[in-house]
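Which chain is which? The protein sequence lines are A and B, in order. With the working numbering as the guide, the letters of the first sequence map in order to residues 1 to 332. With the working numbering as the guide, the letters of the second sequence map in order to residues 1001 to 1332. Data block below; observations after.
There are 2 protein chains.
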Amino acid sequence: MKKLINLPDNVVDEALAGMARAHADLIRVESPNIVVRKDAPRQGKVGVISGGGSGHEPMHGGFVGRGMLDAACPGAVFTSPVPDQMLAATQAVDGGAGVLHIVKNYTGDIMNFELAAELARAEGIDVEAVVIADDVAVKDSLYTAGRRGVGGTVLAEKIVGAAAEEGADLATVKALCEKVQDNVRSMGMALTSCTVPAAGKPTFDIGDDEMEIGIGIHGEPGRERRKLAPADEITEALATPILDDLPFQSGDRVLAFVNGMGGTPLLELYVVYRKLAEILDGRGVTIARSLVGNYITSLEMAGCSITLLKLDDELTRLWDAPVNTPALRWGV
Amino acid sequence: MKKLINLPDNVVDEALAGMARAHADLIRVESPNIVVRKDAPRQGKVGVISGGGSGHEPMHGGFVGRGMLDAACPGAVFTSPVPDQMLAATQAVDGGAGVLHIVKNYTGDIMNFELAAELARAEGIDVEAVVIADDVAVKDSLYTAGRRGVGGTVLAEKIVGAAAEEGADLATVKALCEKVQDNVRSMGMALTSCTVPAAGKPTFDIGDDEMEIGIGIHGEPGRERRKLAPADEITEALATPILDDLPFQSGDRVLAFVNGMGGTPLLELYVVYRKLAEILDGRGVTIARSLVGNYITSLEMAGCSITLLKLDDELTRLWDAPVNTPALRWGV
Chain A
1 MKKLINLPDN
11 VVDEALAGMA
21 RAHADLIRVE
31 SPNIVVRKDA
41 PRQGKVGVIS
51 GGGSGHEPMH
61 GGFVGRGMLD
71 AACPGAVFTS
81 PVPDQMLAAT
91 QAVDGGAGVL
101 HIVKNYTGDI
111 MNFELAAELA
121 RAEGIDVEAV
131 VIADDVAVKD
141 SLYTAGRRGV
151 GGTVLAEKIV
161 GAAAEEGADL
171 ATVKALCEKV
181 QDNVRSMGMA
191 LTSCTVPAAG
201 KPTFDIGDDE
211 MEIGIGIHGE
221 PGRERRKLAP
231 ADEITEALAT
241 PILDDLPFQS
251 GDRVLAFVNG
261 MGGTPLLELY
271 VVYRKLAEIL
281 DGRGVTIARS
291 LVGNYITSLE
301 MAGCSITLLK
311 LDDELTRLWD
321 APVNTPALRW
331 GV
Chain B
1001 MKKLINLPDN
1011 VVDEALAGMA
1021 RAHADLIRVE
1031 SPNIVVRKDA
1041 PRQGKVGVIS
1051 GGGSGHEPMH
1061 GGFVGRGMLD
1071 AACPGAVFTS
1081 PVPDQMLAAT
1091 QAVDGGAGVL
1101 HIVKNYTGDI
1111 MNFELAAELA
1121 RAEGIDVEAV
1131 VIADDVAVKD
1141 SLYTAGRRGV
1151 GGTVLAEKIV
1161 GAAAEEGADL
1171 ATVKALCEKV
1181 QDNVRSMGMA
1191 LTSCTVPAAG
1201 KPTFDIGDDE
1211 MEIGIGIHGE
1221 PGRERRKLAP
1231 ADEITEALAT
1241 PILDDLPFQS
1251 GDRVLAFVNG
1261 MGGTPLLELY
1271 VVYRKLAEIL
1281 DGRGVTIARS
1291 LVGNYITSLE
1301 MAGCSITLLK
1311 LDDELTRLWD
1321 APVNTPALRW
1331 GV
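The structure is reproduced here in structure tokens:
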């Protein structure tokens, strides 16, 4: 295992300590391992929190700050955070207007967020939750009943965070998150596996001439194991099921998000984006906004995912709104 | 070779086409493969350009936009751009106030930028050049006489770009770039090699229990091949030569930049940042600004580099100034 770590068990704590130092102007890190917006709680503002296993950075801790998340709960690598973290985060960001939990659809995350929400409600905090389940690849998987929550989560956190920043109330923020979920679809693929530090060996085996189409963000299996193919063919294999699922139609305006799984050079992500743009052109779908880079990763896995979000004026305006987090920053 | 590409020979052209589509609000891509700020040339503004082999993305194309570069010249992967590109870029951004070439110290880049500068001067364009040579690892290497230009280049492009945006004249912009060069030092390391698409095999061999300390950004050898070590020890091995070289002293304020080589998860970069902050604390050096992420990469190489820039009020103010590029964006 070749990693820039010390003891495998300390990697998350040490990374959080590094984050806290690097972004002390934006965030603070508190026990039990929660990343909190520096100025939280903000009175009268709906708090927006998310969380999940570590190893997907910058998601979620890198999205804490003005105009996006109020807090994030990072679990151990590829392991759900515990309810104590979600409860602490909920308490830390509650400014009296309630708290929205944005939950990726993994069984552990769902259970623990539900428990934390109950505990928070027992303390009088108004909590709502929206589950993101945007992965069209598989219906059920090793970690999930139903569709997995993947790249759409990044877009939901940005858009919902913008609305909360503007002062929208909890019901409005929740409805907006559901609207994003209704309009976003994703699919990913892997060229290589990745190694969880505590495991010390790759999560799965894959041949030198193979790739996995429809993979999850923990290396869980996808739709099929195939022979390696050119980037254009891979892009088609991801874009077509996404486009057909919603479906996205001629005349639609979308946010096109090409995400790297961590170990794929940006150069290659742009090769994929180029083909994606061509496919969308061919279908009469207009790219109104785009995002290209490593935003929801699987450690050092090589591969990519594509996410399309159908935009309307409201979603576009909220996407464009100012954001100031370690990983997404504009307008400020 | 596992890559998201089509024909290896087309990877740079296709990636540039993708960039042009993804960032049409900021840049345009013109023949012969130059990335140009969308609104260039700007009358009366000093143009700032850079360039070098592809495979280091987001450097340099990702740094084209308001407050940073006016154009970038990407060569083939790990191969210097040709003088025609640098000349075309110089012409494209010349607004009558002259053009600064920021050149990383590699023999091919130096030669070709010099030739392009001569050709541009023959056309009446005022051209100056500053060579960035911030790598303390080795004196000479496979690609370079003298120190290599590495992470300091990112910081120089940001700071110099801000001054040019504010209307500084060519002599001022050049002097500022030299000031950055005088105050910046870097060193990098690799856990793995990387594969140039056209070569199809790793640039160098490295054992499963080995790492290369002092590596260049093309996989060229560094100071020494060592057994794998914990992140804290690696961070010490990079930070100590940097700190001792300038030297950075107690009371200094620095910009601390932990850069990923492409294949290392952000989680690990924060582990390195944490130790770096501890080392700087121990020496009485204050981190006034920071940057953590993949900014000058070597394709999918796993590893990192550390760059420290000694700040004064002028450099700090220009670092903070608005920037709007695909890879660095704030204040707008």
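Idealized CB from N, CA, C, for every residue including glycine. In this text the structure is predicted, and so the values were computed from the model without any measurement.
Would you list the one or two residues that DSSP bridges to residue i?
i               : result
residue 1069(B) : 1064(B)
residue 1104(B) : 1132(B)
residue 1195(B) : 1202(B)
residue 212(A)  : 190(A) and 225(A)
residue 289(A)  : 255(A)
residue 330(A)  : 323(A)
residue 309(A)  : 184(A) and 255(A)
residue 1052(B) : 1074(B)
residue 1093(B) : Its beta-bridge partners do not exist; DSSP assigns none.
residue 1099(B) : 1047(B) and 1127(B)
DSSP on residue i, reduced to helix/strand/coil?
i               : result
residue 112(A)  : helix
residue 1030(B) : strand
residue 1259(B) : strand
residue 1059(B) : coil
residue 74(A)   : strand
residue 1301(B) : strand
residue 36(A)   : strand
residue 1235(B) : helix
residue 16(A)   : helix
residue 1240(B) : helix
residue 1264(B) : coil
residue 324(A)  : strand
residue 79(A)   : coil
residue 1046(B) : coil
residue 271(A)  : helix
residue 280(A)  : helix
residue 1004(B) : coil
residue 24(A)   : coil
residue 1294(B) : coil
residue 118(A)  : helix
residue 1249(B) : coil
residue 220(A)  : coil
Going by CA-CA distance only, name the one from the options that's closest to residue i.
i               : options                               : result
residue 1134(B) : 1245(B), 1121(B) and 1009(B)          : 1245(B)
residue 1173(B) : 1303(B), 1247(B), 1324(B) and 1047(B) : 1047(B)
residue 123(A)  : 129(A), 6(A), 52(A) and 96(A)         : 96(A)
residue 1217(B) : 1088(B), 1111(B), 1271(B) and 1052(B) : 1052(B)
residue 31(A)   : 84(A), 287(A) and 266(A)              : 84(A)
residue 1112(B) : 1075(B), 1318(B), 1296(B) and 1158(B) : 1075(B)
residue 1285(B) : 1291(B), 1262(B) and 1252(B)          : 1252(B)
residue 304(A)  : 12(A), 63(A), 188(A) and 214(A)       : 188(A)
residue 280(A)  : 204(A), 254(A), 77(A) and 49(A)       : 254(A)
residue 1093(B) : 1104(B), 1069(B) and 1103(B)          : 1069(B)
residue 1060(B) : 1151(B), 1040(B), 1226(B) and 1145(B) : 1151(B)
residue 163(A)  : 320(A), 107(A) and 2(A)               : 320(A)
residue 14(A)   : 296(A), 25(A), 29(A) and 1(A)         : 29(A)
residue 247(A)  : 26(A), 182(A), 275(A) and 37(A)       : 182(A)
residue 54(A)   : 301(A), 325(A), 86(A) and 297(A)      : 297(A)
residue 178(A)  : 159(A), 166(A), 79(A) and 191(A)      : 159(A)
Since residue i meets chain A, which of its residues come closer than 7 Å, beta carbon to beta carbon?
i               : result
residue 1054(B) : 267
residue 1262(B) : 265
residue 1003(B) : 268
residue 1177(B) : Going along chain A, no residue has its Cβ under 7 Å from residue 1177(B), so there is no contact; the nearest lies around 25 Å.
residue 1097(B) : Residues of chain A passing the Cβ test: none, with the nearest at roughly 28 Å.
residue 1274(B) : 14, 17, 18 and 21
residue 1228(B) : 2
Please compile the residues from chain B whose C-beta is within a distance smaller than 9 Å of the C-beta of residue i.
i              : result
residue 111(A) : Result: empty, since nearest Cβ-Cβ is about 24 Å, beyond 9 Å.
residue 71(A)  : Under the 9 Å cutoff, chain B gives no residues; its nearest Cβ is about 18 Å from residue 71(A).
Which chain A residues sit within Cβ distance under 9 Å of residue i?
i               : result
residue 1193(B) : Within 9 Å Cβ-Cβ: nothing; residue 1193(B) doesn't reach chain A, min ~11 Å.
Show which residues of chain B have a CB atom less than 7 Å away from the CB atom of residue i.
i              : result
residue 283(A) : In chain order: nothing, as chain B lies at least about 15 Å away.
Chain A partners of residue i, CB-CB under 8 Å?
i               : result
residue 1205(B) : Chain A residues near residue 1205(B): none, gap ~14 Å exceeds 8 Å.
Please list the partners that residue i has in chain B, where partner means a Cβ-to-Cβ separation under 8 Å.
i              : result
residue 300(A) : 1263, 1264, 1265 and 1302
residue 297(A) : 1265 and 1266
residue 332(A) : 1330 and 1331
residue 164(A) : Ordered by position in chain B, no residue passes the 8 Å Cβ test against residue 164(A), which lies about 21 Å from the chain.
residue 6(A)   : 1230, 1231, 1232 and 1271
Task: alpha helix (DSSP H) runs contained entirely in the region 1136 to 1189 of chain B, provided each spans 4 or more residues - done: Runs found: 1152 to 1165 and 1170 to 1183.
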